[in-house]
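J.: Below is one structure. I have some questions about it.
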Amino acid sequence: MVVRVAINGYGTIGKRVASAIACQDDMEIVGVTKTGPSFGCELAVKNNFDLYSTSDSTESVRKFHDAGYDCKGTLSDLLKIADIVVDCSPGKYGAANYGKYCDAGIKSIFQGGEKHSLTGMSYTSSANHSSNIGVDSTRVVSCNTTGLSRTLVPLYSLVKGRGKFSVNCVMIRRAADPGDSSKGPINAIKPVLKVPSHHGPDLMTVEPGIDITSLAVAVPTTIMHVHAITVNLPEGHGLSTSDVIELWSKSPRIIVMNGKDTRITSTAEVMEMARDIGRKWGDLHEIFVWEDGVSLLGDTLHYFQAIHQESDVIPENVDAIRAMMNLDDDWESSVAKTDAAISRSY
Ligand code: NAD
Numbered sequence: 050m051v052v053r054v055a056i057n058g059y060g061t062i063g064k065r066v067a068s069a070i071a072c073q074d075d076m077e078i079v080g081v082t083k084t085g086p087s088f089g090c091e092l093a094v095k096n097n098f099d100l101y102s103t104s105d106s107t108e109s110v111r112k113f114h115d116a117g118y119d120c121k122g123t124l125s126d127l128l129k130i131a132d133i134v135v136d137c138s139p140g141k142y143g144a145a146n147y148g149k150y151c152d153a154g155i156k157s158i159f160q161g162g163e164k165h166s167l168t169g170m171s172y173t174s175s176a177n178h179s180s181n182i183g184v185d186s187t188r189v190v191s192c193n194t195t196g197l198s199r200t201l202v203p204l205y206s207l208v209k210g211r212g213k214f215s216v217n218c219v220m221i222r223r224a225a226d227p228g229d230s231s232k233g234p235i236n237a238i239k240p241v242l243k244v245p246s247h248h249g250p251d252l253m254t255v256e257p258g259i260d261i262t263s264l265a266v267a268v269p270t271t272i273m274h275v276h277a278i279t280v281n282l283p284e285g286h287g288l289s290t291s292d293v294i295e296l297w298s299k300s301p302r303i304i305v306m307n308g309k310d311t312r313i314t315s316t317a318e319v320m321e322m323a324r325d326i327g328r329k330w331g332d333l334h335e336i337f338v339w340e341d342g343v344s345l346l347g348d349t350l351h352y353f354q355a356i357h358q359e360s361d362v363i364p365e366n367v368d369a370i371r372a373m374m375n376l377d378d379d380w381e382s383s384v385a386k387t388d389a390a391i392s393r394s395y
């Protein structure tokens, strides 16, 4: 069975999800939507993705044709030929689209800009793939929550049932994506004056057993987020710093490197290394952990991790489709399949 996937919203996340899906052998892209003729349409054409109008008006379809694009129809037309839609519209727009997907009788995936309450179900590959098997709708959590899940869930799983496991996290967030000229700050450090911030607690939508709070600040950078994380492990956990590093080194979609030895001492070098890997857009799907920034003293673990906000959620969307469409009920086998197909594509 090849699952037919529609992408509603072909922007930063949508174009990457479409590309990752197109290289899998058990799913295909049947079309992507744009709100109007713009430079993003060129990429859809180049990738042989059929183009549809986000709006259901015939006037909107005509505008594409007038600009020289072969627009195949409206969102409603696209939903008729799909088994599942990945909503990649801007944050908080997804809720208005949800009814259209339900009316079309197809499954839907939303992104981290939507609330968990929209679907009552959220997803990360490592935390709750099995809870998402066969569900009609879910939300792939945000880039930050995905990053937290990647490193905290394996650790939590190791010591689960042995006492309290609590986390405090400071999220140092990029101000805007590289292609976004509308956001800031550009000359300030801007705290999120809602304490705790929503970022950390969102992890509990995929792993309720982790007790976590967070503070967040936005800083003038575009390339990555950094998390400074403190974990309080249960007494008698029996782990050392090197055990934690070994655990993460063996866990999927985490890169652990020594900053001093490799001279990767900041997000600038992390993203330069990512560009060397050669993925499309210079993406880094993995969470980057500095080995020499990890310290476990007694029951308290400290570490830093860096998140490529535009891309860590991309392979998770592929795995979410596999869970929802009953293509693979084992998260590790899905992750391996997704990542191998992406690797073969560049
Ligand atoms: P974006 O603005 O880059 O892209 C959104 C696309 O949707 C644009 O092409 C826009 O024209 C289109 N669009 C506008 N109105 C629409 C509608 N009503 N229906 C469908 N499409 C519409 O945004 P993005 O960064 O790709 O974010 C998409 C989602 O992914 C959001 O929920 C966001 O919170 C989440 N997310 C973003 C990042 C990131 O760093 N950019 C990371 C993780 C998750």
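Here the sequence shown stands for residues 50 to 395, where the numbers follow my numbering.
Heads up, the beta-carbon is just placed ideally off N, CA and C, and yes, glycines get one too.
Using 10 angstroms around the beta-carbon of I70, count the other beta-carbons present and answer buried if the total reaches 16, otherwise exposed.
T.: I70 comes out buried.
J.: Terminal residues of the continuous beta strand (DSSP E) containing E77?
T.: Residues M76 to K83.
J.: In this structure, how does DSSP classify P240 when only helix, strand and coil are distinguished?
T.: Here P240 sits in strand by DSSP.
J.: Tell me the rounded alpha-carbon separation between P240 and R312.
T.: Those two C-alpha atoms are separated by around 30 Å.
J.: At a cut-off of 8 Å, is G117 close to the ligand NAD when judged by its beta-carbon and the heavy atoms of the ligand?
T.: False, no ligand heavy atom lies under 8 Å from that Cβ.
J.: Between K121 and S383, what straight-line distance do the alpha-carbon atoms span, to the nearest angstrom?
T.: Each residue's Cα considered, the two are about 32 Å apart.
J.: Determine the extent of the beta strand (DSSP E) in which V362 is found, giving its start and end residues.
T.: Here V362 belongs to no beta strand (DSSP E), and DSSP marks it neither H nor E.
J.: Would you mind sorting K64 into buried or exposed? The rule is 16 or more other CB atoms within 10 Å of its CB.
T.: Counting Cβ neighbours within 10 Å, K64 comes out buried, since at least 16 surround it.
J.: What is the residue span of the beta strand (DSSP E) that M306 lies within?
T.: Start and end: I303 to M306.
J.: Please look up how many angstroms separate the CB atoms of L346 and V293, rounded, as I've assumed it's under 8 Å.
T.: In fact, because the Cβ distance is near 12 Å, the residues do not count as touching under 8 Å.
J.: Look up D388 in the DSSP assignment and say whether it is helix, strand or coil.
T.: In the structure shown, D388 sits in a helix (DSSP, three-state: H, G or I).
J.: May I ask you to report which of helix, strand or coil DSSP gives F98?
T.: Correct three-state label for F98: coil.
J.: Is the CB-CB distance between V202 and V275 below 9 Å?
T.: Taking 9 Å as the Cβ cut-off, V202 and V275 do not qualify as a contacting pair.
J.: If you follow the alpha helix (DSSP H) that W330 is in, where does it begin and where does it stop?
T.: Neither: W330 is in no alpha helix (DSSP H) and is coded neither H nor E.
J.: Starting from R111, trace the alpha helix (DSSP H) in both directions and tell me its first and last residue.
T.: Looking at the DSSP string, the run of the alpha helix (DSSP H) that includes R111 is T107 to D115.
J.: Taking 7 Å as the limit between beta carbons, can you name the residues of its chain near P234, skipping five residues before and five after?
T.: Cβ within range, chain order: A224, A267 and P269.
J.: According to the Cβ coordinates, are M273 and Q358 closer than 9 Å?
T.: The answer is yes: Cβ separation under 9 Å.
J.: Looking at the ligand NAD, does it come within less than 8 Å of K83, judged from the CB to the closest heavy atom?
T.: Yes, Cβ of K83 sits closer than 8 Å to a heavy atom of the ligand NAD.
J.: Taking only three categories from DSSP, how would you classify T140?
T.: Sequence inspection shows Gly at residue 140; the Thr mentioned does not correspond to that position. DSSP places G140 in coil when its eight states are reduced to three.
J.: Are there any heavy atoms of the ligand NAD lying less than 8 Å away from the beta-carbon of G258, as far as the coordinates show?
T.: No; taking the cut-off as 8 Å, the Cβ of G258 has no heavy atom of the ligand NAD nearer than that.
J.: Relative to the ligand NAD, is the shortest distance from any of its heavy atoms to the C-beta of V120 smaller than 8 Å?
T.: Sequence check: residue 120 is Cys here, not Val. No - the ligand NAD has no heavy atom lying nearer than 8 Å to the Cβ of C120.
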